[in-house]
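Enquirer: Numbering (this note's numbering), first residue to last: -12 to 94. All C-beta atoms, glycine included, are put in the ideal place defined by N, C-alpha and C.
#1: Is it buried or exposed, residue 14, if we count other Cβ atoms within 10 angstroms and call 16 or more buried?
#2: What is the DSSP secondary structure of residue 46, counted as helix, strand or coil?
#3: Give the straight-line distance between the Cα atoms of residue 7 and residue 0, rounded to the nearest whole angstrom.
#4: Quick one: Cα of residue 36 to Cα of residue 45, how far?
#5: Run through DSSP, which three-state label would residue 12 get?
#6: If distances are taken between C-alpha atoms only, which option among 92, 78, 58 and 82 comes closest to residue 22?
#7: From this set, 93, 94, 52 and 84, which residue's C-alpha is nearest residue 71's C-alpha?
#8: Three-state secondary structure (DSSP) at residue 33?
#9: Please check the pair residue -4 and residue 66, which I expect to be a contact at CB under 8 angstroms, by giving their CB distance rounded to whole angstroms.
#10: Who does residue 28 pair with in a DSSP beta bridge?
#11: Please report the residue range of the alpha helix (DSSP H) in which residue 85 lies.
Structure representation (structure tokens):
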């Protein structure tokens, strides 16, 4: 199954919670969601950028596209994502070498 590298961006166009207590509950709910998605293996890693932007990155576990789609949909509309499907090394190197050999054979 594929592994993805993803960037996440917090949507600051949504009005903030009405009270500080509501903000605490919202952040606690977000933390619980991240923990649960990591616990079941949907997310392998999740990191926030130190610039306090609320943005960061994550690496998924080996999950199907459908499972990942559903997991990311749970964050809407608070967070948006940019996903990049990955190929692990050394497989990526093997593919580059194979492509280079095919090009060399054609010349």
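Expert: Concretely, from the data shown:
#1: exposed
#2: If DSSP states are grouped into helix, strand and coil, residue 46 belongs with the strands.
#3: 18 angstroms
#4: A straight line joining the alpha-carbon of residue 36 with that of residue 45 spans about 11 angstroms.
#5: Three-state DSSP puts residue 12 in a helix.
#6: 58
#7: 52
#8: strand
#9: 7 angstroms
#10: DSSP lists no beta-bridge partner residue for residue 28.
#11: 78 to 93
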